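The block underneath contains the structure these notes are about, expressed in structure tokens.
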Amino acid sequence: MSAVLELPVPTRSRWSQVPAVLAAVAGPLAWRLLWPLAVWLVAAGVAWVSLAGRNPYDGGHVDTFGRWSTLPSGILLLAGFAAIPVLWVWGARYAAGLGHDRGVVFAVTTAASVLLQAALHVVSLAAGLLELRALGTGGIHVFALETSNIMGTHDGLWNGSWVFALWYLTPVILTVLLTSVGFLRWGPLGLLLVLAIPAVLIGAAFVTVLVDTGFTWFGVLLYLGVLAGSIAGAWAMFRCVAL
Amino acid sequence: MADSPAIALTGLSVTYRSPGRDVAALADLHAIIPAASIVGLVGRNGAGKTTLLRVLAGREPRFTGDAHVHRVPLADLGRTPGLVHLAGAGWPGAGDRTLASLIAGLGRARPHFDRTRALALLEGFGIHPSAHPRRLSAGKQTAAQASLALASRAPLTLLDEPQTGLDAPSRDLLTRAIIEEQALRPRTWVISTHLIDETAPLFERVLVLDAGRLVTDADVDELLTRWVRVEADPAVLEALPRLGELERLGGRGSAIVAASDVPAGFAGRTHPLTLQALAGVLPLASKE
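Quick note, the sequences are listed as chains A and B, same order.
Take the first sequence: its position 226, counted from the start at 1, is 226 in the working numbering, and no numbers get skipped.
Take the second sequence: its position 206, counted from the start at 1, is 449 in the working numbering, and no numbers get skipped.
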């Protein structure tokens with residue numbers, strides 16, 4: 001019994017667990033965060049080979065000066081969304097199973113889910129800008145982000161893509177996040193249930209408010225409200241997930 | 244910590260809800276488990292053993308009632324990483340992990356985890372740390388889980404059927420390792436098992452579950468002296484309050500009775516019971 005006294009109840013501040021939780025969520029060599037980049041590079045290789053051939057790539061854009069493919073950036077976008085369930089279904093469960101605080105696991109996985117999309121966007125944007133700087137508007141561009149009239153200008157890339165990433169992707173990120181946690185909580189039934197509600201509500205709210213009225217205070221407040229509500233709902237589900 | 248019980252359960256219940264059918268996995272459990280004791284958790288398949296262990300490990304948050312581990316409410320277990328370790332079937336989300344990677348993760352999460360001990364135990368079971376747990380045989384998976392649990396040095400260590408799939412030498416090795424750990428770093432153990440007689444020498448206390456109810460929570464020695472098997476003329480045994488049925492073989496009868504009910508000058512033979520034999524009939528006592 002005396003030796004038991006030598007084993008104090010181990011307590012740790014919540015936030016000191018963050019590095020270990022992040023390591024657990026990200027997996028060996030952070031593969032759960034990095035795999036979208038591998039997919040993106042493969043897609044870029046395929047696009048380059050396609051555009052370099054005699055027949056222009058069907059999905060690309062060919063103009064007077066060069067050939068452009070947005071396929072890799074689109075695939076990176078989708079892979080980023082697909083990484084969210086991977087982070088939750090495997091990473092978050094593993095971290096919580098190790099004994100880490102569920103609140104910290106939730107916060108870290110939520111942050112990773114959201115920030116990963118921004119990080120992938122930065123990478124995609126940087127690759128597009130470097131490609132543009134190196135090749136000008138001629139040649140083969142496989143990291144193009146836009147096919148609209150902003151293509152080919154640095155300012156256009158910066159402004160257009162960030163608005164896209166920050167405002168219009170968030171509902172998708174939250175929907176994928178919520179459905180992932182719903183799946184953990186209730187299985188396939190939870191996935192379907194949770195998928196339907198935010199997809200309809202958030203999608204409708206953003207399409208009507210943000211697209212029509214742009215940056216208004218009402219729109220910003222609605223944005224923050226949906227953000228907070230989604231995260232609170234996800235936490236309510238995640239804290240009751242059986243491991 | 245030594246003054247407080249390792250486990251305190253008050254009205255603990257778990258109900259699995261599904262459309263049209265609710266299953267009470269645990270029903271109104273009350274128990275106080277002292278610190279630094281080795282507790283056996285026994286019961287038939289589906290009795291609720293694994294559910295109880297998962298609740299105590301914080302892996303099953305859907306419970307009602309009150310439960311504390313070393314005064315820490317179960318809801319706050321995450322703030323005390325390393326307080327509880329459960330070794331059972333599967334490790335959530337660890338499909339991409341080698342044992343070495345798991346050991347590294349546990350070392351980061353649990354302050355008392357002893358990596359050297361974990362590696363030594365794995366070596367003892369003939370398991371290489373570069374192995375992926377899922378690619379091991381069933382017995383080796385069990386041994387690997389138990390090795391990590393022993394090395395966790397968690398004040399409450401939970402082993403869910405740690406002999407499953409183990410051969411006799413490995414079971415012996417595991418038993419010796421538990422005894423060694425308890426001598427080195429005394430802690431509280433809850434060990435569920437179906438190989439009761441083989442594990443019983445470890446147990447100081449036993450909890451018997453039946454259909455989610457806790458039918459017995461007793462000191463093992465006291466329990467084994469409380470009941471005896473008696474053999475005598477069936478007519479004599481008919482008059483005694485029995486636990487279970489009166490078995491008849493030839494002209495003799497045999498029954499389990501309370502030792503205190505055996506009359507002085509009893510015209511028959513009495514035999515001590517094993518824990519396994521007793522565990523099988525104790526649920527009947529709670530129903531009678």
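Backbone N, C-alpha and C fix where the C-beta goes; we use that ideal spot for every residue, glycine too.
As the structure is a prediction and not an experimental result, all values here were calculated from the model.
- For the segment 85 to 102 of chain A, the residues whose beta carbon sits under 9 Å from a beta carbon of chain B are, in order, V89, W90, G91, A92, R93, Y94, A95, A96, G97, L98, G99, H100, D101, R102.
- F218 of chain A counts as exposed, since fewer than 16 other beta carbons sit within 10 angstroms of its beta carbon.
- The C-beta of D339 of chain B comes closer than 8 Å to at least one C-beta of chain A.
- Residue A:T109 holds the alpha-carbon nearest to the alpha-carbon of P19 of chain A among A:L71, A:R67, A:T109, A:A242.
- Taking C-alpha positions only, V39 of chain A is separated from G331 of chain B by approximately 36 Å.
- With 16 or more neighbouring CB atoms inside 10 Å of its own CB, G301 of chain B falls in the buried class.
- No Cβ of chain B is located within less than 8 Å of the beta carbon of P188 of chain A.
- The continuous stretches of beta strand (DSSP E) do not include G187 of chain A, and DSSP gives it neither H nor E.
- Among the residues of chain B, those whose CB is under 7 Å from the CB of G27 of chain A are D339, following chain order.
- Taking 8 Å as the upper bound for CB-CB distance, T513 of chain B and V479 of chain B are not in contact here, some 12 Å apart.
- The bridge partners DSSP lists for P515 of chain B are B:V471.
- In the DSSP secondary-structure assignment, V257 of chain B is bridged to B:L269.
- Interface residue (Cβ-Cβ distance to chain B less than 8 Å): A20 of chain A is classified as such.
- Only exposed fits T307 of chain B, as fewer than 16 other CB atoms lie within 10 angstroms of its CB.
- Collapsing the DSSP output to three states places I281 of chain B in a strand.
- Less than 8 Å divides the Cβ of V315 of chain B from the Cβ of L326 of chain B.
- Proximity of R377 of chain B to chain A, defined by a Cβ-Cβ separation below 8 Å, is not satisfied.
- According to DSSP, residue pairing for A461 of chain B in a beta bridge involves B:V449.
- Burial is judged here by how many other beta carbons sit within 10 angstroms of a residue's own beta carbon; G336 of chain B has at least 16 and is buried.
- Taking 3 residues as the minimum length, the beta strand (DSSP E) runs contained wholly in the segment 323 to 397 of chain B are 327 to 330, in order along the chain.
- Linking R297 of chain B to S50 of chain A through their CA atoms gives a straight-line distance of about 54 Å.
- The segment 432 to 450 of chain B makes no contact with the segment 355 to 369 of chain B; the number of CB pairs closer than 8 Å stays below 3.
- Under the three-state reduction of DSSP, G99 of chain A is assigned to coil, being neither helix nor strand.
- Within chain B, the residues P304 have their CB atoms less than 7 Å from the CB of R239 of chain A, given in chain order.
- In the structure shown, the three-state DSSP call for H121 of chain A is helix.
- A501 of chain B: member of the beta strand (DSSP E) spanning 495 to 501, first to last residue.
- By the rule that beta-carbons nearer than 8 Å mark a contact, S390 of chain B does not touch chain A.
- Residue contact check for P316 of chain B against chain A: no CB pair falls below 8 Å.
- By the beta-carbon neighbour count (other beta carbons within 10 angstroms, threshold 16), T253 of chain B is exposed.
- For the segment 349 to 364 of chain B, the set of positions with a beta-carbon nearer than 7 Å to some beta-carbon of chain A reads L349, R351, A352, R353, P354, H355 in chain order.
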